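These notes are about the structure you will find just below.
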Amino acid sequence: MYIPTIGLEIHAELKTKTKMFCSCKNVPDEEQPNVNVCPICLGHPGTLPVINREAVKLMVKIGLALQGTIADYSQFDRKSYFYPDLPKGYQISQYEHPIVEKGFLRDTRITRIHLEEDAGRLSHADDRSLVDFNRAGLPLMELVTEPDIHNAEEAVSFARGLQEILRYLGASDADMEKGQMRIEANISIAPEGAGKLGTKVEVKNINSFKAVHDAIEFEIGRQSKLLDEGKKVVQETRGWDDMRNVTVSQRIKEEANDYRYFPEPDLPPMNLLSGPDTFDLKKIKSEIPELPDEKRNRFGVEYGLGKDIVETLVAEKELADWFEEAASELKEKTEKSDVQLLANYLTSDLKGLMKTRSVSIDEIKIKPEHLAHLVFLIQNGKLTSRLAKGMLAKMFETGDDPESLAKSEGMETLSDEGELQKIVGEVIAKNEKSVADYKKGKQNALQFLVGQVMAKTKGKAEPGLTKKILEAELNR
Ligand code: ZN
Ligand code: MN
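Counting from 797, one number per residue, gives the positions in the sequence shown under our numbering.
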């Protein structure tokens, strides 16, 4: 029996207006190559970097949200290595004095979070390789955890939790598919009770949460097999192969001193809590919104919603905010507001419409009060759920209020007793067999007759009233 020990290193691009050390625009998904570049981020000799204070402030915010300690003294260091997309021959990073030390997320301790610059992007085509430097010099945070994680599920939970927090803070879009968030896992196993950790293997090139899970499971299996056979685990860097679902050896792991870190001579050290460049931690703390895990708890308690619906709402801050606005509108209309029904329409029907049109909640024409109004009408039997779906689609197209749409589109519910009575009479006259069945005690027959009234009214008949009138007529 082996005990796995896992630590994560997570990089995320910060969402600032400009790059980390120059005034080039920070547009991570710019399609035209090499447009957001200048002599500084292209590494021309004689150019001087300038620290982007917006990026440092985001780091402070992230650190506070993750309950870390903000360092008073922090500095940048050069990390020397050559790579074709790193034109300076070194990366400006932080070594001994990161901006954030310690911290906590779910059950995992955070060791540090430091700030550095991203490299460019290489693409390989046929017989040549191309370099795009739009990404070179983007602010990049690197978070390192303690080896507190013991299985793939915990690792995924940490990474998902971090992604959510970064998005809630507006610090990063952290889209893994776009490479805005990148995960590396350090994995070792040791026999139970060994008293010390095994040899660790670093797995890179993990580009999705599924890959985080699968890469860890694969490594635990691979290393267990080696130890079972009396072999040794080699300390090395391996890459995750998404197609084959295996890790592949890339290189024998370098030590920190291979990078020849030394203080960046072109940048001044930072005093974050004292001196002229100090940050007001109280103020930054007050700008941190309610974080996802707190929101999860509150939504469960305050609205009595089920776990799955809460997950869907909280996963996206904008969606959660939209829901709360609609819920408060509904509460204003009626004391016995059906928030569950509201949440259902939002997370299934409305989200479905958004998906087919690929629009986000910020871009839709429907306003929270409109959805609240729709639910209010359904709750009060003024609108059948059958009509409501069509109505919602119309609202989605036009941005109109349901009541005015009902009039202009002829989608009003039929609740005129006299008119319903007439239609019920016609249905009874035409369906002698079902009427006889009902009188013999077959409840299905009643459902059938209600269905006939619905068909005749194109689904507009108010269901409760229809049933009441039918029963009264049949029992005469
Ligand atoms: Zn630049
Ligand atoms: Mn790094």
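Where is the CB? At the ideal position from N, CA and C, for every residue including glycine.
Nothing here was measured: the structure is a model prediction, and the numbers come from that model.
- Looking only at HIS893, GLU1267, GLU827 and LEU1137, the smallest Cα-Cα distance to ASN1067 is reached by HIS893.
- Short of 8 Å from the beta carbon of THR1262, and not among the five residues preceding or following it, lie these beta carbons of its own chain, in chain order: LEU1216, VAL1220, VAL1246, VAL1249 and MET1250.
- Runs of beta strand (DSSP E) with 3 or more residues, each lying fully within the stretch 954 to 1040, are found at 977 to 987, 997 to 1002 and 1032 to 1037, listed in chain order.
- Taking 8 Å as the cut-off, the Cβ atoms of PRO829 and ILE836 do not count as close.
- The three-state reading of DSSP puts HIS1169 in helix, counting H, G and I together.
- Contact annotation, PHE1058 with ARG874: C-beta distance approximately 6 Å; criterion of less than 8 Å satisfied.
- Relative to the non-hydrogen atoms of ligand 2, the Cβ of GLU809 never comes closer than 7 Å to any of them.
- Between ligand 1 and LYS875, a heavy atom-to-CB distance of less than 7 Å is absent.
- Around GLU1015, the same chain offers ILE983, VAL997, VAL999 and THR1043 as residues with beta carbons nearer than 7 Å, after the five sequence neighbours per side are excluded.
- Summarising the contact set, residues whose Cβ lies nearer than 5 Å to any heavy atom of ligand 1 are, in chain order, CYS818, CYS820, CYS834, ILE836 and CYS837.
- Check the Cα spacing between ASP1212 and each of VAL1008, ALA1189, ALA1257 and GLU1222: the tightest is with ALA1257.
- Judged by DSSP secondary structure, ASP1233 falls outside any beta strand (DSSP E) and instead within the alpha helix (DSSP H) spanning 1228 to 1235.
- Residue pairing for HIS920: DSSP places it in a beta bridge opposite SER925.
- With respect to ALA981, VAL1008 sits close: the two C-beta atoms are nearer than 8 Å.
- Residue range 1181 to 1194 is occupied by the alpha helix (DSSP H) that includes LEU1183.
- As a beta-bridge residue in DSSP terms, GLN887 pairs with LYS875.
- Excluding the 5 residues flanking it on each side, LEU1179 has same chain C-beta neighbours closer than 6 Å at LEU1173 and THR1209, in chain order.
- By the beta-carbon neighbour count (other beta carbons within 10 angstroms, threshold 16), ASN1093 is exposed.
- Between the alpha carbons of ASN1240 and GLU1222 lies a distance of about 19 Å.
- In the DSSP assignment, MET937 falls within the unbroken beta strand (DSSP E) covering 935 to 941.
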